[in-house]
Structures are given as structure tokens and as C-alpha cells.
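Residue numbers (the numbering used here): 1 to 265.
Structure, rendered in C-alpha cells:
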């Protein structure tokens with residue numbers, strides 16, 4: 001689907017009569033479609049913000065539903081958006097197996113690995129190419145909502161430990177890369193656009209850099225590859241430790257993991 005309504009309608013295709021469906025936090029447009037389709041298929045809904053709730057409290061994840069309250073460790077996966085994702089998973093587990101011990105949920109939260117979802121790269125060729133002391137994060141986010149979530153995560157990281165942010169971005173022409181970039185205006189100091197290698201529908205890097213400048217990020221450049229993008233970052237930045245985010249495409253993320261020689265860190 002090309003709109004929120006159409007995407008929600010297609011997602012609702014899995015609804016089944018008398019089978020509970022867990023609905024995470026949604027836009028109003030998506031929620032209306034999901035609720036309509038649930039009524040049509042007679043699928044009972046368990047809805048975030050109505051039937052279950054989640055919040056961070058004193059460095060812990062607090063989950064609450066009709067079964068009671070759980071005091072849990074924060075998810076291993078980075079970013080506050082993972083609190084909401086975790087809440088949906090917990091709600092599903094408690095609907096399926098309410099007797100599941102809390103220890104099992106804790107183990108899942110603290111042990112989950114998800115490559116290219118705010119994955120921090122700690123070693124490998126990409127790290128060797130990056131400026132010394134740089135944090136390098138990889139994410140396959142490729143649309144406006146992904147850009148919003150990533151920008152919020154980077155802003156949170158900056159509040160905790162300030163570093164200049166560099167965004168290395170590659171995207172396919174089927175994606176609205178400008179909408180993604182918009183969220184990094186005033187946040188990213190530098191954008192380096194790179195092609196998505198092996199994809200004929202890749203945005204030309206020069207055009208992505210131009211879009212970044214149009215969105216208020218004046219230091220926007222292009223490079224023919226991720227490796228060359230990292231070389232350019234060396235040349236354009238001072239000696240302060242950087243925070244580098246590589247994002248815009250799952251295909252780009254796969255290329256980065258291949259170059260780096262690792263999948264999960």
C-alpha cells in the first residue's frame with residue numbers, strides 16, 4: 001500500500017474470527033481501519049493505550065494490563081520506540097500464555113538481537129574505516145516514520161552523551177528519502193549520501209545530498225560507496241568523537257554488514 005489507510009487494510013488481512021489481535025500504538029487513520037476490519041472479521045482487539053500500557057520508570061520497563069503489572073528490565077534493543085515494540089510482544093505473550101513466568105519475559109527483553117535496527121557496530125572493517133573513537137550505528141529505516149524514530153533516538157543519545165552526528169544515507173527511489181531526511185534538520189551536522197550498491201532503483205547520491213541541503217542540512221555531500229563516505233567524513237570533521245548513523249535502506253544495511261564482516265553485535 002502507498003497510504004497509511006491501505007497499509008493498515010493490508011495488515012488487517014491476518015485478522016481471524018475469535019482470534020485476538022494485538023494492536024500497537026497507531027495513528028488515528030490506521031486505528032480506524034484496523035478497528036473497522038476487526039469488527040468485520042469479528043476479531044477481538046487488544047489495543048495499546050486501552051488494554052495495555054508501558055512506561056519507563058527509574059530505569060525499568062513497567063508494563064500493565066488486565067493480568068497485572070510487571071516491573072521489567074529495559075530492552076537490550078536501543079531506542080525508546082523499542083519500549084512500545086516490547087509492550088506489544090508482551091501483550092501477545094500474555095494473551096497466548098498468561099501463565100508464562102516473568103523470568104522468561106525478562107530473558108527475552110535482555111537477550112533479543114535484531115540486526116540493522118539501531119545496531120551498534122563495535123568491530124570490523126566499517127569501524128576500522130571510521131574516525132577513531134566514533135560510535136557507529138546501523139539501521140534499515142527507510143521511510144518518514146523510520147526517520148522520525150531514528151532522529152528521536154539520536155537526539156536521546158545526544159542528550160545522554162553529546163557528539164556531533166553524521167548521517168550516511170542511501171535509499172531506493174521507491175522510498176521518500178526527503179521525508180526521512182527532514183527529521184535530521186538541526187540534528188545531523190553532516191549528511192553523506194551514498195548509492196545502494198547493486199540496486200538499479202537507488203537514489204543518485206548527488207540528488208540525495210541536494211535534498212538534504214533543501215531540508216536545512218547545509219553540509220551534505222555525496223560519495224560513491226560507504227567506504228568512500230567514511231573517508232569523506234574523515235576529511236570533513238575535526239578531532240571530536242563522532243556519532244555516525246548509517247541508514248535509509250535495508251539493502252544498504254546488508255551491504256554494510258557484509259563489508260564489516262559481521263551480522264550481530
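Glycine included, each C-beta is placed from N, C-alpha and C at the ideal position. Note that this is a predicted model, so its numbers are computed, not measured.
Where DSSP assigns a beta bridge to residue 208, which residues make up the other side?
Paired residue(s): none; residue 208 is not in a bridge.
For residue 140 and residue 261, believed in contact at Cβ under 8 Å, the rounded distance:
Approximately 18 Å separates the beta-carbon atoms of residue 261 and residue 140; this is outside 8 Å, ruling out the contact.
Once the 5 residues before and after residue 330 are set aside, which same chain residues still bring their CB inside 7 Å of it?
Because residue 330 is not part of the residues shown, which for the chain are 1 to 265, the question remains open.
So with Cβ pairs under 8 Å, would you call residue 94 a contact of chain C?
The chain inventory of the structure shown lacks chain C, comprising one protein chain alone.
Taking all protein chains shown into account, do 16 or more other C-beta atoms lie within 10 angstroms of the C-beta of residue 16, making it buried, or fewer, making it exposed?
Label assigned to residue 16: exposed.
Can you tell me where the alpha helix (DSSP H) holding residue 70 begins and where it ends?
First-last for residue 70: 68-73, but that is the beta strand (DSSP E), not the alpha helix (DSSP H).
Just the C-alpha distance for residue 38 and residue 221, rounded to the nearest angstrom, thanks.
Roughly 47 Å separates the two Cα atoms.
Taking Cβ to Cβ, would you say residue 45 is nearer than 8 Å to residue 131?
The Cβ atoms of residue 45 and residue 131 do not sit closer than 8 Å to each other.
In terms of residues, what are the limits of the alpha helix (DSSP H) holding residue 82?
Boundaries of the alpha helix (DSSP H) around residue 82: 81-96.
Let me know the secondary structure DSSP gives residue 257 once reduced to three states.
Here residue 257 sits in helix by DSSP.
Exposed unless 16 or more other CB atoms sit within 10 angstroms - verdict on residue 65
Buried, since its Cβ has 16 or more Cβ neighbours within 10 Å.
Is there contact between the stretch 140-154 and the stretch 177-188, where contact requires at least three CB pairs shorter than 8 Å?
Yes, they touch.
According to DSSP, residue 121 sits in a beta bridge with which residue or residues?
136, per the DSSP bridge assignment.
Residue 264: buried (16+ other C-beta within 10 angstroms of its C-beta) or exposed?
Residue placement at residue 264 is flagged as unreliable, the pLDDT there being 45, under the threshold of 50; a coordinate-derived value is accordingly withheld.
Apply the 10 Å Cβ neighbour rule to residue 82 and answer buried if 16 or more other Cβ atoms are within range, or exposed otherwise.
By the neighbour-count rule (16 or more Cβ atoms within 10 Å), residue 82 is buried.
For residue 266, count neighbouring C-beta atoms within 10 Å of its own C-beta (all shown protein chains included) and say buried if the count is 16 or more, exposed if not.
The structure shown does not extend to residue 266, since the chain is modelled only from 1 through 265, so no value can be given for it.
Between 33, 210, 259 and 22, which has its C-alpha nearest residue 8's C-alpha?
Closest in C-alpha terms to residue 8, from the list 33, 210, 259 and 22, comes 33.
Which runs of the beta strand (DSSP E) at least 3 residues long sit entirely within the stretch 155-199? Give them in chain order.
Runs of the beta strand (DSSP E) inside the stretch 155-199: 165-169 and 188-193.
Among 67, 240, 14 and 171, whose alpha-carbon lies nearest the alpha-carbon of residue 203?
Per the Cα distances, 171.
Note down, one range per segment and in chain order, each alpha helix (DSSP H) of at least 4 residues found wholly within the stretch 5-53.
Unbroken alpha helix (DSSP H) runs of no fewer than 4 residues, entirely contained in the stretch 5-53, are found at 28-41, following chain order.
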